[in-house]
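Going down the list, the sequences are from chains L and V. Position one of the first sequence corresponds to residue 1 (my numbering), numbered consecutively onward. Position one of the second sequence corresponds to residue 1001 (my numbering), numbered consecutively onward. Every residue gets a Cβ at the ideal spot worked out from N, C-alpha and C, and that includes glycine. Structure first, commentary second.
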Amino acid sequence: MILERRGAGALLTFTVLFTLSACGLLAFSGGAFDIGVAAYGLGAALLLILTYGIFSVVFRHIDRLTLVLCFFLVSIGLVLLVRLDMEVALKQLIMLAIGIGLMFATIAVIKAVKDFGKLNYVFMIASFGLLAFAYLFGDAVGGARNWVSIGGVSFQPSEISKVLFVVISAYFFAKKRHKFASVMYALYVGACVILLVLSNDLGAVLLYAATFLIVFFAGTGRTGLTLLGVGVAGAGAVASYYIVPHVKTRVMIWRDPWIYYHNQGYQIVQGLMAIAAGGAFGAGLGLGYPEAIPVNTSDYIYAVICEEFGIIFGIIVILLYLVFIVRGMIIARNATSRFDALLVFGATCMLSLQSFIIIAGVIKLIPLTGITLPFISAGGSSLIACLVLVGIIEGVAVKNGKRDEKDVVDAGGEVI
Amino acid sequence: MKNVLRRNINVLLVVFIILFVALIGYLWFVTSTYGERWFVTPYNPRIQNMQTTVNAGDIYDRAGRALLYTKGGEREYISDKGRRTAVSHIVGDGFGLTYGAQTNFAKYLYGFDKNAFSRIEDLVSGNERQGSDIVLTIDAKLSEAALDALGDNRGAIVVMNYETGEILASVSSPNFDPKDMSLFLDGGGESELVNRAFVGLYPPGSIFKLVTAAAMIENDLTDFTANCEGSVVIGGQEIACWDVHGDIDLAGAISHSCNVYFAKAADVVGVREINETAQAFLFNKQLLTGDVIMGTSVYEMTTDETNAAWSAIGQYHDLITPLHACMIAAGIANDGVMMAPKLLLEVVDGETVTYTLKPTTAATPMDDTSLLKQMMLDCVQNGTGSNAAIDGYIIGGKTGTAEIAGDEENAEHAWFIGFVQDEQHPIAIAVIIERAGSGGSNAAPAARKVLAAALDIGY
Ligand SMILES: [Zn+2]
Chain L
1 MILERRGAGA LLTFTVLFTL SACGLLAFSG GAFDIGVAAY GLGAALLLIL
51 TYGIFSVVFR HIDRLTLVLC FFLVSIGLVL LVRLDMEVAL KQLIMLAIGI
101 GLMFATIAVI KAVKDFGKLN YVFMIASFGL LAFAYLFGDA VGGARNWVSI
151 GGVSFQPSEI SKVLFVVISA YFFAKKRHKF ASVMYALYVG ACVILLVLSN
201 DLGAVLLYAA TFLIVFFAGT GRTGLTLLGV GVAGAGAVAS YYIVPHVKTR
251 VMIWRDPWIY YHNQGYQIVQ GLMAIAAGGA FGAGLGLGYP EAIPVNTSDY
301 IYAVICEEFG IIFGIIVILL YLVFIVRGMI IARNATSRFD ALLVFGATCM
351 LSLQSFIIIA GVIKLIPLTG ITLPFISAGG SSLIACLVLV GIIEGVAVKN
401 GKRDEKDVVD AGGEVI
Chain V
1001 MKNVLRRNIN VLLVVFIILF VALIGYLWFV TSTYGERWFV TPYNPRIQNM
1051 QTTVNAGDIY DRAGRALLYT KGGEREYISD KGRRTAVSHI VGDGFGLTYG
1101 AQTNFAKYLY GFDKNAFSRI EDLVSGNERQ GSDIVLTIDA KLSEAALDAL
1151 GDNRGAIVVM NYETGEILAS VSSPNFDPKD MSLFLDGGGE SELVNRAFVG
1201 LYPPGSIFKL VTAAAMIEND LTDFTANCEG SVVIGGQEIA CWDVHGDIDL
1251 AGAISHSCNV YFAKAADVVG VREINETAQA FLFNKQLLTG DVIMGTSVYE
1301 MTTDETNAAW SAIGQYHDLI TPLHACMIAA GIANDGVMMA PKLLLEVVDG
1351 ETVTYTLKPT TAATPMDDTS LLKQMMLDCV QNGTGSNAAI DGYIIGGKTG
1401 TAEIAGDEEN AEHAWFIGFV QDEQHPIAIA VIIERAGSGG SNAAPAARKV
1451 LAAALDIGY
């Protein structure tokens, strides 16, 4: 435990140094010293230190490494956004502050509740309603209709909905539910996937479907049925290739983006060129040419990471996500109830899958589906959703810690 | 129950670890294999962008002649128009319209190869960013001689060192003047920007007989003889020979380029075996090693006996690039080791040499090419390639006269591929002249001129 705390402390120190030095470099790069950029770095570093301090005092048993890992990934995003677009970066910092507040609230709630009980039906309606709302009134951005704008503030309902999806799924697989409940849940999952397909939000379809199957497997342990589900999903994917023109285009671009360079393949080719331009060690912060990549602040930010920080750093980022997964799974295994275990498990899977889907899409391992890179991509809804999911994980970690402490104290020990 | 859940979580954790490790492995593999290729496309806006912010390096030929240099912040081509156009496909243009050295080696010219630290040092110290100079393997003078040998014809000539794979000259006609690209920037022009030598796909015609002969050697069928009566009917279709050769063996058939012999041999060797040998000689293979972007040559296996016979004599759907044709001659001359084509001799950053050419092997199609070599020497001494002979040197070669599918009226493409058998002068050549007629009387003399020029310079 001491060792873990030291590790977290070291990583936090590194995160702060990284943010400060990167912003310092960017402040100098314009020729004259840009005080705004330096102030931004200082502000971001202070916010992270303050959050870490408050969280570790208020929630003594929080998993610090998970928290700091998430901070480091966030700081990579902030630095790159400052470099790409200061306006977006400022918005992201504000969203980070809000997200941290919501994460705090989430930890407090998760710590206190057992499994939300009948409230899950309300969640189901809310979650489905959000997706339906996006489908009916949303604006299409990048081919997918998943943006909603209310009173000048635009957000992605599917991001909020996915947090609820994790909670609801954990509830339904925590124990054997009545027939009615199971039917309701099945209808809910099906309806969500259909709505997302209709909205052309392929990334979200993949994310929801895969998360469902994984939680289903973990919760029920029925390998046969899970594989059947994978088969059905696969068949659905193949069918959609023939039915939905959007899907067919994506697959064709994936197979050879270069021949579609002047139209649909442009984005992926620009991404590949950026990754290649960086080489193993990167062009250096501020020295690449990521301006050429479309959506470089959100979906394609991984290409910017590779261009400016290099492929080795890109690999480190993947490894950090992997460490995050391992931490999440450990917390899930130690959970005090099945609901808690599945909750953490679902949240971890959702974040891991999301990072896998977008990174693999950008490097052309799988067809590209528009989705954000957790913690790093710009986008308020996405960042907040990710932080709330971390809140869920941390909430359960706090519960676990309390139980462990009680066990130790009961046995006559003392917790340092 | 709780334990089952834990077990399931463990299983999925393993799945996730596998997924992410695969992601890392793929990223590493794909960037190390294709990264260079991704970067050097003319589409890459980074290259255009860097032209305004970096003092680009100079480009020299192997003899140290400047081909393109930066002077007072401006990019200057050499003033001699003949030389400038002779190397235009190799040097490329400054607008990203062609795959020349300016695009291909942009990494060095614009300093992308320097690491982040030295670049940040430049940035902080306020130094002007400076790219590296590059030295190409080509000889500008030899290139001029090669272009001259093509005359007013369309076509391409490639000369390479068969021991190292260094391309000594590569010209493509018609060409363009990099100093004045206005026509092409407006979307005009015909095929001047296409580097026929590297990406032009031509029917190989009789030069493909070398591959068929190699397949016969590999399958111990060198004893096969045939009777040439001037033509043969296979599968109801007549395949004509350009002469009546009578009883003829493998060596004679190569030397005299007998169509009937190889058309009959196709069935004896079998398309599967020919295909295997063709693949060993890099047909149907995308070559990723080396410094050049080249087209992929084609040999299509067919079960139709007529088409199989046509494909054995380099017709049907067979296609080859002049560079690949040169590599085949080079591979035979180099005892079955095909070297990867190289264009970049050195990279010089200020005073420091940061890169020097290291020869690499592209393929080893045969263990023993002595028989093929002998046949090619015969071809120049007594056969169709006699126009390529040079006094005092031992030259081997093979002519080709490729018919153009669906085009009965116009003349055929003239081919000659060959080599100098001499340890002091390890050079191979490929010549194609479009619609010039017979390879022996049109391509072979051009090859002789270019080889003589190369020998004269001392290669
Ligand atoms: Zn004959």
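**OP:** Spell out whether any CB of chain V is found under 8 Å from the CB atom of R403 (chain L).
**Re:** False, the Cβ-Cβ gap to chain V never drops below 8 Å.
Original post:
In terms of alpha-carbon separation, which member of V:I1207, V:A1447 and V:A1444 lies closest to I1328 (chain V)?
Top reply: V:I1207
Subject >> 6 Å CB neighbourhood of Y1393 (chain V) in its chain, flanking five on each side removed >> reply: For Y1393 (chain V), where only same-chain residues beyond five positions count, the Cβ hits under 6 Å are V1420.
Subject >> Partners in chain V for S377 (chain L), counting only beta-carbon separations shorter than 8 Å >> reply: Within 8 Å Cβ-Cβ: nothing; S377 (chain L) doesn't reach chain V, min ~17 Å.
**OP:** Under 5 Å from any heavy atom of ligand 1, by CB: list those residues in chain order, please.
**Re:** That query returns the following residues: V:C1228, V:C1241, V:H1245, V:C1258 and V:V1260.
Subject >> Neighbour-count burial assignment, N1195 (chain V), 16 or more Cβ in a 10 Å radius >> reply: Residue environment: N1195 (chain V) is assigned as buried (16 or more neighbouring CB atoms within 10 Å of its CB, all protein chains considered).
**OP:** Using the Cα positions of V1380 (chain V) and S1255 (chain V), report the straight-line distance between them to the nearest angstrom.
**Re:** 8 Å
**OP:** Find the residues of chain L that neighbour F1039 (chain V), judging by a C-beta separation of less than 7 Å, and give them in chain order.
**Re:** M273, A276 and A277
**OP:** Excluding the 5 residues preceding and the 5 following G284 (chain L) in the sequence, name in chain order all residues of the same chain whose CB lies nearer than 8 Å to its CB.
**Re:** E308
Subject >> Alpha-carbon spacing of M1001 (chain V) relative to K176 (chain L), whole angstroms >> reply: Unreliable positioning characterises M1001 (chain V) in this predicted model, as indicated by a pLDDT of 44, which lies under 50. The coordinate reading is nonetheless provided below. Their backbone Cα atoms lie some 12 Å apart in a straight line.
Original post:
How about P290 (chain L) and V269 (chain L): do their beta carbons lie closer than 8 Å?
Top reply: No, Cβ-Cβ distance for P290 (chain L) and V269 (chain L) is not below 8 Å.
Original post:
In whole angstroms, what is the alpha-carbon distance linking A1414 (chain V) and I359 (chain L)?
Top reply: 51 Å
Subject >> Endpoints, beta strand (DSSP E) assigned at W1242 (chain V) >> reply: That residue, W1242 (chain V), is in no beta strand (DSSP E); it is neither H nor E in DSSP.
**OP:** Indicate the three-state DSSP secondary structure (helix, strand or coil) for F1419 (chain V) in the structure shown.
**Re:** strand
**OP:** Compare the C-beta of G203 (chain L) with all C-beta atoms of chain V and state if any pair is closer than 8 Å.
**Re:** no
Original post:
The alpha helix (DSSP H) spanning S240 (chain L) covers which residue range?
Top reply: T223 to I243
Original post:
I1313 (chain V) to A280 (chain L), Cα distance in whole Å?
Top reply: 47 Å
Original post:
Any idea if N200 (chain L) is buried or exposed, counting beta-carbon neighbours within 10 angstroms, 16 or more meaning buried?
Top reply: buried
**OP:** Run down chain V in chain order and give the residues with a C-beta less than 7 Å from the C-beta of Y289 (chain L).
**Re:** P1045, R1046 and N1049
Subject >> Any 3 or more C-beta pairs closer than 8 Å across the stretch 271 to 278 of chain L and the stretch 321 to 330 of chain L >> reply: no
Subject >> Close-in-space but distant-in-sequence residues of the same chain around G278 (chain L) (CB under 6 Å, 5 per side omitted) >> reply: C306, E307 and G310
Original post:
Which stretch, first to last residue, makes up the beta strand (DSSP E) that contains L1344 (chain V)?
Top reply: L1344 to D1349
Original post:
Between which two residues does the alpha helix (DSSP H) containing E1192 (chain V) stretch?
Top reply: That residue, E1192 (chain V), is in no alpha helix (DSSP H); it is neither H nor E in DSSP.
Original post:
Under a three-way DSSP split, which group does L472 (chain L) fall into?
Top reply: The structure shown does not extend to residue 472 (chain L), since chain L is modelled only from 1 through 416, so no value can be given for it.
**OP:** Could you list which residues in chain V have their beta carbon closer than 7 Å to that of M329 (chain L), in chain order?
**Re:** Here the neighbours are I1009 and L1013.
**OP:** Just mark V1461 (chain V) as buried or exposed, buried being the case when its beta carbon has 16 or more other beta carbons within 10 Å.
**Re:** Residue coverage of chain V in this structure runs from 1001 to 1459, which leaves residue 1461 (chain V) outside it and unanswerable.
**OP:** Provide the residue span of the alpha helix (DSSP H) that contains D410 (chain L), from first to last.
**Re:** Taken as a continuous stretch (DSSP letters only), the alpha helix (DSSP H) holding D410 (chain L) covers G380 to D410.
Original post:
With DSSP run on the structure shown, which of helix, strand or coil describes C1228 (chain V)?
Top reply: strand
**OP:** Below 6 Å CB to CB, which residues in the same chain sit around T1369 (chain V) once its five sequence neighbours on both sides are set aside?
**Re:** I1332, D1335 and G1336
**OP:** List the DSSP bridge partners of H1413 (chain V).
**Re:** V:A1402
**OP:** Please compile the residues from chain V whose C-beta is within a distance smaller than 7 Å of the C-beta of S352 (chain L).
**Re:** In chain order, F1016 make up the part of chain V whose C-beta sits under 7 Å from the C-beta of S352 (chain L).
Subject >> Cross-strand partners of L1136 (chain V) (DSSP beta bridge) >> reply: According to DSSP, which records beta bridges pairwise, L1136 (chain V) is partnered with V:L1344.
Original post:
Counting Cβ pairs closer than 8 Å, one from the stretch 1129 to 1138 of chain V and one from the stretch 1157 to 1168 of chain V, do we hit at least three?
Top reply: yes
Original post:
If we call anything under 8 Å between Cβ atoms a contact, is A1266 (chain V) one with A1430 (chain V)?
Top reply: no
Original post:
What first and last residue would you give for the beta strand (DSSP E) that runs through K1071 (chain V)?
Top reply: For K1071 (chain V), the enclosing beta strand (DSSP E) begins and ends at A1066 to K1071.
Original post:
Can you list the beta strand (DSSP E) stretches of 3 or more residues lying completely in the stretch 1305 to 1374 of chain V, in chain order?
Top reply: 1344 to 1349, 1352 to 1356 and 1361 to 1363
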